[in-house]
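Protein chains in written order, with this note's numbering: chain A, 1 to 117; chain B, 1 to 114. Idealized CB from N, CA, C, for every residue including glycine. Here the structure comes first, spelled out in structure tokens, and everything after it is commentary.
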């Protein structure tokens, strides 16, 4: 079984301050982990992904995330928030569960990020 | 590449009517996913295909929902008959066959059943 928990449904930060969006996962298999962003009335866009290479992953728009196996976490960070970062963010875990292409993709419930001017 | 293309972008229909949502995956991608997004339940995987074959349809809510992928470049999600509780944004996504790649999402179809 696998699951994703996004610990905060809503995060507000001031423009120019750091952003931290928390994600914990559980998986019986070696997972791949992703962060997606969804701006209002838009589709989902990939921010970054972890696929068992470097544990610190850099993504687009200055975001990065660190895979910590001991803590089963994959928190998303950005040093300085920008107004354009206001959106919904989803943490996703994917695990291949067979050699026949079966996979399990599980989305977190999302974290809405608000940027205060 | 134009990305994953979904049509229509918006659909308003009356309860009881049949609704068909369409998706064109990115060329060369052999995985295709259908998701539903609502405020109450977030993003839910409905069904996914690998090489045009349905692999896991355990997320399809009930028999009113059906999905097909007649060829590698086209998939449909059909709801018959539609109900107000089906109102949601439906996303299609695709990804290539190589292992550790992300899924690419379409812009979604916003369905409103009145």
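- Item | Euclidean distance between Cα positions of residue 77/A and residue 96/B | Along the first chain, one-based indexing puts residue 77/A at 77. Along the second chain, one-based indexing puts residue 96/B at 96. Distance between the alpha carbons of residue 77/A and residue 96/B: 28 Å.
Open item on the list: Is residue 74/A close to chain B? Criterion is C-beta to C-beta, closer than 9 Å.
Closed with: Numbered from 1 along the first chain, position 74 holds the residue referred to as residue 74/A. False, the Cβ-Cβ gap to chain B never drops below 9 Å.
- Quick one: which residues of the segment 20-45 of chain A get their C-beta closer than 9 Å to a C-beta of chain B? List them in chain order. 32, 34, 36, 38, 41, 42, 43, 44, 45
* **Residue nearest to residue 21/B in terms of C-alpha spacing, selected from 114/B, 109/B, 2/B** => Start at 1 with the first residue of the second chain, and residue 21/B comes out as number 21. With distances taken between Cα atoms, residue 21/B lies closest to 109/B.
Taking C-alpha atoms, which residue in 45/A, 12/A, 85/A lies nearest to residue 158/A?
Lying before the first or after the last residue shown, residue 158/A is absent from chain A, which here runs from 1 to 117.
- With 16 other Cβ atoms within 10 Å as the buried cut-off, status of residue 27/A: Working through the first chain from its first residue, we reach residue 27/A at position 27. Looking at its Cβ environment, which holds 16 or more other Cβ atoms inside 10 Å, residue 27/A is buried.
Own chain residues within Cβ distance below 6 Å of residue 79/B, not counting five before or after: Position 79 of the second chain, counted from the first residue, corresponds to residue 79/B. Within the same chain, residue 79/B has close Cβ partners 19, 64, 65, 86.
Express the C-alpha separation of residue 5/B and residue 52/A in angstroms, rounding to a whole number.
Within the first chain, residue 52/A is the residue found at index 52, counting from 1. Within the second chain, residue 5/B is the residue found at index 5, counting from 1. Roughly 30 Å between the two C-alpha positions.
### Option in 61/A, 48/A, 89/A with minimal Cα separation from residue 12/A
Looking up residue 12/A in the first chain gives position 12. Minimum Cα distance to residue 12/A is reached at 89/A.
>> Taking 9 Å as the threshold (C-beta atoms), are residue 93/B and residue 33/B in contact?
In response: The sequence position of residue 33/B within the second chain is 33, counting from 1. The sequence position of residue 93/B within the second chain is 93, counting from 1. A contact, by the Cβ cut-off of 9 Å.
| Is the shortest distance between the beta-carbon of residue 55/A and the beta-carbons of chain B less than 9 Å? | For the purposes of this step, residue 55/A is identified with residue 55 of the first chain, where counting begins at 1. So no, residue 55/A is outside the interface.
Whole-angstrom distance between residue 36/B and residue 73/A, CA atom to CA atom: Within the first chain, numbered from 1, the residue matching residue 73/A stands at position 73. Within the second chain, numbered from 1, the residue matching residue 36/B stands at position 36. One C-alpha to the other measures close to 26 Å.
key: Supposed close pair residue 114/A, residue 10/A - CB separation, criterion 8 Å   = One-based indexing of the first chain puts residue 114/A at position 114. One-based indexing of the first chain puts residue 10/A at position 10. Confirmed, Cβ separation roughly 7 Å.
Q. Short check: CB of residue 152/B to CB of residue 29/A, under 9 Å?
A. The requested residue 152/B does not occur in the structure, where chain B is confined to residues 1 to 114.
Item to check | Closer than 9 Å to chain A by CB, residue 108/B | outcome: Position 108 of the second chain, counting from 1, holds the residue named residue 108/B. So, interface residue.
* To do: List the residues that DSSP assigns as beta-bridge partners of residue 71/B.
  => One-based indexing of the second chain puts residue 71/B at position 71. According to DSSP, which records beta bridges pairwise, residue 71/B is partnered with 74/B.
Item to complete: Spell out the partners DSSP gives residue 77/A in its beta bridges.
Response: Position 77 of the first chain, counted from the start, is the residue given in the question as residue 77/A. 20/A, 64/A, per the DSSP bridge assignment.
DSSP beta-bridge partners for residue 94/A? Here residue 94/A refers to the residue found at position 94 of the first chain. According to DSSP, residue 94/A bridges with 32/A, 105/A.
- Item | Nearest to residue 6/A (by Cα), restricted to the options 25/B, 42/B, 91/B, 52/B | Position 6 of the first chain, counted from the first residue, corresponds to residue 6/A. Of 25/B, 42/B, 91/B, 52/B, the residue nearest in Cα terms is 42/B.
Identify every residue that forms a DSSP beta bridge with residue 44/B. Along the second chain, read from residue 1 onward, the residue named residue 44/B stands at position 44. DSSP, once it has assigned bridges, lists 36/B as partnering residue 44/B.
- request: Could you name the residues of the same chain whose beta carbon sits closer than 7 Å to that of residue 59/B, not counting the 5 residues immediately before and after it, in chain order?
  value: In the second chain, the residue the question calls residue 59/B occupies position 59. Same-chain partners within the cutoff: 44, 45, 46, 47.
* Exposure of residue 25/B, with buried meaning 16 or more beta-carbon neighbours within 10 Å -> The sequence position of residue 25/B within the second chain is 25, counting from 1. The residue in question, residue 25/B, is buried, as its Cβ has 16 or more Cβ neighbours within 10 Å.
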